[in-house]
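Asker: I am attaching a structure below and will ask some questions about it afterwards.
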Amino acid sequence: MKGYFRKRSNGKWSFTIDIGIDPKTGRRMQKTKSGFNTKKEAQEEAARLQAELIQGTYIEEKNVLFKDFAYEWLDIYEQAKEVKPGTIRVRKHEIQRLMDYLAHLKMKDITRTTYQKALDKLVERGFARNTLEGVHRTGRMIFKKAIELEVIKKDPTEFAFVRKPKQTIEELPKYLEKEELALFLKTADEHGLELDNVIFPLLAYTGIRIGELVALKWIDIDFKESTININKTLYDPTNNIKDFQLVSPKTKSSNRVIVVDDFIMKKLRKHLARQNELKMLLRDEYQDQGFVFTSVEKNPGYPMHRKTIENRMKRLLKLSKLNESLTPHSLRHTHTSLLAEAGVSLELIMERLGHSDDRTTRNVYLHVTKTAKKEASQKFSELMRNFMN
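As numbered in our numbering, the sequence shown has no gaps in its residue numbers, which increase by one up to the final residue, 390.
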């Protein structure tokens, strides 16, 4: 076997073999690798590398760190696809989660065990399963590109998976029961600030996302057919409402038309009439861009800031003496739970929410329907006991 083998001062063995000629300089290139316990181990690894050279499958792995390659991948990802700004922001967050464990490791040194342990640590930290699956999806894309660019030979994510944490009923997404929702909406109607008595019933009765709500324009609302067309979401990366972008919804299935109850349509008609009066009152100061929900006191006519809605909900929950940790997205889970309780199929709920598939929605649905089936069984048993007695 061709190659130079030697025993180092630390007792470990190393080898040096020729790997070809540098096409730029014409000089001989060599590969040295050390850290073997025996000469035989060094010879076996050298033989493996020489076989790769003969077969033309040899790759000289690069010494690039994960933190450097991950952002190089993000640039490639952003340029190669038509990616929404919101998606890039999510990818950055997912990369940052992996950075906590892989940042200063060389790409070539990240093994399947190293990568799996990083995922397991994130599970232990209590991140939502959707978040963890997003992190793993991004990790797979990064290492797949690294193989394509011949930065590494093997994909450490190939057999990795997100371990399922122990989940209890308490860990299900938080939502309001129907009695609690009724109290919350009554509080919004009686003690809410401007537009609260329109915004929160709309969120609760449709299950739309807060980004979809603040992006709504009057042309999206068909009063004749009682429908709302969801075709965009609002993205404001700088938290400056004048610097907003309207982008396509979260997924392809998020483009949808929702049939809306007359109760909501009446509220929207009244709101439209009040908004038209406001436009006349403010005249040139009102920057009319056709939005349904707009700022009034500051920058009138611009879309309402989602943070404003979140703060208003917290205020109403406090007044109602309900769980103050709930968010506008909790009303989406509430919509799911009440539709499930009413007997609507999971497929129709998914379609209404604009989901092709979603683990959280499915879990809420299964939890509610399981409870309903159990109650039905108990009621039947009670009926029979009364009859038998």
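Quick reminder that beta carbons are idealized off the backbone N, C-alpha and C, glycines included. This structure is a prediction, so every number in the text was calculated from the model and none was measured.
In whole angstroms, give me the CA-to-CA distance for Tyr366 and Ala43.
Answerer: Approximately 58 Å between the Cα atoms of the pair.
Asker: Cα-Cα, which of Ile242, Glu73, Gly21 is closest to Glu53?
Answerer: Selected option, being the one with the closest Cα: Gly21.
Asker: Hey, how far is the Cα of Lys267 from the Cα of Ala274?
Answerer: So the two alpha carbons sit approximately 11 Å from each other.
Asker: Count the other CB atoms, across all protein chains shown, that sit within 10 Å of the CB of Asn198; report buried if there are 16 or more and exposed otherwise.
Answerer: That one is buried.
Asker: When burial is assigned at 16 or more other CB atoms within 10 Å of the CB, is Glu325 buried or exposed?
Answerer: Per the 10 Å Cβ criterion, exposed.
Asker: If we count the other Cβ atoms within 10 Å of its Cβ and call it buried at 16 or more, is Met108 buried or exposed?
Answerer: Buried, since its Cβ has 16 or more Cβ neighbours within 10 Å.
Asker: So within the stretch 304-372, which uninterrupted alpha helix (DSSP H) runs reach at least 4 residues, ignoring any that extend past its ends?
Answerer: Taking only runs of at least 4 residues, the alpha helix (DSSP H) segments lying wholly in the stretch 304-372 are 307-321, 329-342, 347-354.
Asker: Could you spell out the range, first to last residue, of the beta strand (DSSP E) harbouring Lys145?
Answerer: Note, Lys145: premise wrong, no beta strand (DSSP E); alpha helix (DSSP H) at 130-149.
Asker: Starting from Val258, follow its DSSP beta bridges and name the residues at the other end.
Answerer: According to DSSP, Val258 bridges with Asn230.
Asker: Using a threshold of 8 Å, state whether the C-beta atoms of Ile259 and Arg353 are closer than that.
Answerer: In contact: Ile259 and Arg353 (Cβ atoms closer than 8 Å).
Asker: Just tell me which of Arg316, Tyr72, Val248, Phe162 has its CA closest to the CA of Lys146.
Answerer: Of the candidates Arg316, Tyr72, Val248, Phe162, the one whose C-alpha sits nearest the C-alpha of Lys146 is Tyr72.
Asker: Can you tell me whether Ile211 is helix, strand or coil according to DSSP?
Answerer: Note: Ile211 maps to helix in three-state DSSP.
Asker: Which value, in whole angstroms, describes the spacing of the CA atoms of Leu194 and Arg313?
Answerer: About 8 Å.
Asker: Mind reading off the beta-carbon distance from Leu50 to Ile18? Whole number of angstroms is fine, and I expect it under 8 Å.
Answerer: So it is a contact: roughly 6 Å between Cβ atoms.
Asker: Check the C-beta distance from Thr335 over to Leu177 and give it rounded, since I have them as a contact under 8 Å.
Answerer: The Cβ separation is near 5 Å, so the contact holds.
Asker: Going straight from the alpha carbon of Thr169 to that of Val124, what length do you get?
Answerer: Unreliable positioning characterises Thr169 in this predicted model, as indicated by a pLDDT of 47, which lies under 50. The coordinate reading is nonetheless provided below. Taking the straight line from one Cα to the other gives about 15 Å.
Asker: Buried or exposed for Val215, going by 16 or more other Cβ atoms inside 10 Å?
Answerer: Per the 10 Å Cβ criterion, buried.
Asker: So, at 8 Å on beta carbons, what are the nonlocal neighbours of Leu339 in its own chain, with the 5 sequence-adjacent residues on each side left out?
Answerer: Taken in chain order, the residues that qualify are Lys179, Leu182.
Asker: Any idea which residues DSSP pairs Trp14 with across the strands?
Answerer: Lys8, Phe37.
Asker: Using the DSSP secondary-structure output, state which residues sit across from Asp76 in a beta bridge.
Answerer: In the DSSP output, where bridge partners are listed per residue, Asp76 has none listed.
Asker: Determine the extent of the alpha helix (DSSP H) in which Val124 is found, giving its start and end residues.
Answerer: Note, Val124: alpha helix (DSSP H), 113-125.
Asker: Drop a sphere of 10 angstroms on the beta-carbon of Arg360, count the other beta-carbons inside from all chains shown, and report buried for 16 or more, exposed for fewer.
Answerer: Exposed, since its Cβ has fewer than 16 Cβ neighbours within 10 Å.
Asker: Please list, in chain order, all residues of the same chain as Lys393 whose beta carbon is under 8 Å from its beta carbon, the five residues on each side excluded.
Answerer: No statement about residue 393 is possible, as the shown extent of the chain runs from 2 to 390 and does not include it.
Asker: Specify, as a first and last residue, the run of the beta strand (DSSP E) that Val248 falls within.
Answerer: Val248 -> beta strand (DSSP E) spans 246-248.
Asker: With three or more beta-carbon pairs closer than 8 Å as the criterion, would you say the stretch 147-159 touches the stretch 295-315?
Answerer: Segments in contact, no.
Asker: For Asn387 and Gln379, what's the separation of their Cα atoms in angstroms?
Answerer: Distance between the alpha carbons of Asn387 and Gln379: 12 Å.
Asker: In the DSSP assignment, find the alpha helix (DSSP H) that holds Gln97 and state where it starts and stops.
Answerer: Start and end: 86-103.
Asker: Alpha carbon to alpha carbon, how far is Lys32 from Ile148?
Answerer: Approximately 20 Å, taken between the alpha carbons.
Asker: For the structure I just gave you, are there three or more beta carbon pairs, one from the stretch 234-253 and one from the stretch 199-215, closer than 8 Å?
Answerer: The stretch 234-253 is in contact with the stretch 199-215.
Asker: With H, G and I counted as helix, E and B as strand and the rest as coil, what does DSSP make of Asp19?
Answerer: Strand.
Asker: Relative to the C-alpha of Arg270, which candidate in Ile222, Tyr206, Thr328, Glu311 has its C-alpha closest?
Answerer: Cα-wise, what sits closest to Arg270 is Ile222.
Asker: Would DSSP call Lys243 helix, strand or coil?
Answerer: Lys243: helix per DSSP, three-state reduction.
Asker: Between Leu150, Gln246, His137, Asn241, which has its C-alpha nearest Phe160's C-alpha?
Answerer: Comparing Cα-Cα distances from Phe160 to each of Leu150, Gln246, His137, Asn241, the minimum goes to His137.
Asker: To which residues of the same chain is Arg9 closer than 8 Å at the C-beta, ignoring the five residues directly before and after it?
Answerer: Taken in chain order, the residues that qualify are Ser15, Ser35.
Asker: Who does Gln31 pair with in a DSSP beta bridge?
Answerer: DSSP output for Gln31 lists Asp19 as bridge partner(s).
Asker: Are the beta-carbon atoms of Lys175 and Ser331 separated by less than 8 Å?
Answerer: Contact: yes.
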